[in-house]
Amino acid sequence: MQKRWLTALVFSILALLAGCQSLAGEEMKGVPARVVNADKSISIIRATFNGQGVSGGGGDECCISIPRKWKPEMTAEITWEKDPSPELNPGNIPPPKWKNGSSTPEWREWMRIHKSNYQTLSKIVNVPKYERTCGVSLIFLPCDDPRVIIDCDQDLAIMNNLPGGEKFDSELIRRLGGRQSCR
Numbered sequence: 000m001q002k003r004w005l006t007a008l009v010f011s012i013l014a015l016l017a018g019c020q021s022l023a024g025e026e027m028k029g030v031p032a033r034v035v036n037a038d039k040s041i042s043i044i045r046a047t048f049n050g051q052g053v054s055g056g057g058g059d060e061c062c063i064s065i066p067r068k069w070k071p072e073m074t075a076e077i078t079w080e081k082d083p084s085p086e087l088n089p090g091n092i093p094p095p096k097w098k099n100g101s102s103t104p105e106w107r108e109w110m111r112i113h114k115s116n117y118q119t120l121s122k123i124v125n126v127p128k129y130e131r132t133c134g135v136s137l138i139f140l141p142c143d144d145p146r147v148i149i150d151c152d153q154d155l156a157i158m159n160n161l162p163g164g165e166k167f168d169s170e171l172i173r174r175l176g177g178r179q180s181c182r
């Protein structure tokens, strides 16, 4: 009787451990994330990588989680909110001036209208193979074409020695195989 009880206990513990293993899921790690907007006709307000948010203001933000190891056919959902007409409202109406460094009721109304034109988009993208990670770069190309770079060597190959100024965007778009315009 005691042997049966001990056997049942051992199998119960093994079953629980197996259940915990399946609940654990894949091993994740935290990495910084950044948004790079190569489409100057829009502004990226914010973006998410599999639901984890990054502001569109540029620079690294900490942290989002990615699987520790890349797997073939890995995808991610990129969602972003964009301002399709930075600094202008419908009808090409510019914002009213502030008075003495303070917003005015007219400016706040202009901004309310402006924000109502923001668009939220989402796309499933293939995640390129990564080994050594330097964070997640969400790169937005013209034509609502988001790209993801995670691998350090790929990041270096694409981002290294980009020209400054007005040539930056067109060269980045070229290196990523994107379209320069949607027309």
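In numbering that gives the first Met the number 0, the protein residues as written are 0 to 182.
Backbone N, C-alpha and C fix where the C-beta goes; we use that ideal spot for every residue, glycine too.
List the endpoints of the continuous alpha helix (DSSP H) containing residue i.
i: Cys151; result: 151-158
i: Lys114; result: 104-115
i: Leu171; result: 166-174
With DSSP as the reference, identify every bridge partner of residue i, one or two as the case may be.
i: Ala46; result: Val53, Trp79
i: Asp59; result: Partner(s): none; Asp59 has no beta bridge.
i: Ser121; result: Thr78
i: Leu137; result: Val34, Val147
i: Asn88; result: Ile92
i: Pro66; result: Met27
i: Ser101; result: Lys98
I'd like the span of the beta strand (DSSP E) that includes residue i, first residue to last.
i: Ser40; result: Counting along the chain, Ser40 falls outside any beta strand (DSSP E), and DSSP gives it neither H nor E.
Report all residues from its chain with a CB closer than 7 Å to the CB of residue i; omit the five preceding and five following residues, and keep chain order.
i: Ser84; result: Asn116
i: Asp82; result: Ile41, Ser42, Ile44, Tyr117
i: Ser180; result: Pro141
i: Pro162; result: Glu170
i: Ile112; result: Asn88
i: Trp106; result: Pro94, Pro95, Trp97
For residue i, I'd like the list of residues in its chain whose CB is within less than 6 Å of its CB, leaving aside the five on either flank, ordered along the chain.
i: Thr132; result: Val30, Ile149
i: Asp59; result: Pro31, Arg33
i: Trp69; result: Lys128, Tyr129
i: Arg67; result: Glu26, Lys28
i: Asp144; result: Gly177
Given that a residue counts as buried once 16 or more other Cβ atoms are within 10 Å of its Cβ, and exposed if not, what is residue i?
i: Ser136; result: buried
i: Asp168; result: buried
i: Ile63; result: buried
i: Gly50; result: exposed
i: Pro193; result: The chain is shown only over 0 to 182; residue 193 falls outside these bounds and no answer can be derived.
i: Pro89; result: exposed
i: Trp79; result: buried
i: Pro104; result: exposed
Kindly list the residues whose CB is nearer than 8 Å to the CB of residue i, restricted to its own chain and excluding five residues on each side of it in sequence; keep chain order.
i: Val9; result: Confidence at Val9 is low in this model, with a pLDDT of 45, below 50, so its placement is unreliable and the value that follows should be read with caution. Excluding positions up to five away in sequence, the list is empty.
i: Trp267; result: What is shown of the chain runs 0 to 182, which leaves residue 267 out entirely.
Measure from the C-beta of residue i to each C-beta in chain D and report whether the shortest distance is under 7 Å.
i: Met27; result: This model lacks chain D altogether; it includes just one protein chain.
(message) Under 8 Å, with one C-beta from each stretch per pair, do the stretch 28-45 and the stretch 135-153 reach the 3-pair mark?
(response) yes
(request) Would you check if the stretch 45-62 and the stretch 91-98 touch, i.e. whether three or more CB-CB distances between them fall below 8 Å? (result) no
(message) For the stretch 173-181 against the stretch 146-158, do three or more pairs of beta-carbon atoms, one drawn from each stretch, fall closer than 8 Å, so that the two count as touching?
(response) yes
(request) Determine, using beta-carbon pairs with one atom in the stretch 106-125 and one in the stretch 73-81, whether at least three such pairs fall under 8 Å. (result) yes
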